[in-house]
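Residue numbers (our numbering): 283 to 462.
Single-structure report; data block below.
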Ligand code: FES
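This is the structure in structure tokens:
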């Protein structure tokens, strides 16, 4: 099942402030579970698809997954925690990844990550308090010859310097003018 992106945004808005799963989130989680639960090795496809739809894995969903797969909640939590790819908190509106693999490190990725972390006051796997940015490490973006590389949402960008990063931030925070 594929929900359109605007539907996903609505789901995110509804669930961000909710302590429990919203009805829309629960519907999505149950639909994904139903789609995979009788397949062998269903857990990882379920986790990937829920994260694809919701942007993260709400911990409130673990009990539903555990029930369906006849596993314990702790087992689900263990798998989620094992893979850095899985998020347990809602991502920021802009998702930033910095490549930490060898080729980018040889081209200045360490200095770049220090700059970005200090600039955003964020460590890896954190989201800013205003929900604007999430910062994640990544290990190769297939752009090794042009390091240091970052992904900003869906776009891979090479040769990122502090100056270029500042321009990227400007672009992310600039709202298009609405002329009526
Ligand atoms: S090592 Fe950074 S893109 Fe490949």
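The beta carbon of each residue, even a glycine, is placed where N, CA and C say it ideally should be.
These numbers come from a predicted model, not from an experiment.
Item	Value
Residues bridged to residue 433 (per DSSP)	379 and 438
Three-state class that DSSP yields for residue 397 in the structure shown	helix
Reference residue 383, options 313, 395 and 451, closest by Cα	395
Near the ligand FES: residue 376 beta-carbon under 6 Å from a heavy atom	no
Where residue 310 sits in the DSSP three-state scheme	helix
Among 397, 410, 400 and 392, nearest to residue 374 - alpha-carbon criterion	410
For residue 420, the nearest candidate out of 306, 365 and 311 (CA to CA)	365
Strand pairing of residue 415, partner residues [DSSP]	376
Distance between residue 428 and residue 290 (C-alpha atoms, nearest Å)	Note that residue 290 scores a pLDDT of 44, beneath 50, so its modelled location is shaky; the value from the coordinates is reported in the next line. Rounded to the nearest angstrom, the two C-alpha atoms are 33 Å apart.
Three-state secondary structure (DSSP) of residue 304	coil
Coil, strand or helix - residue 455 by DSSP	helix
Reduced DSSP category for residue 342 - H, G, I as helix; E, B as strand; rest coil	helix
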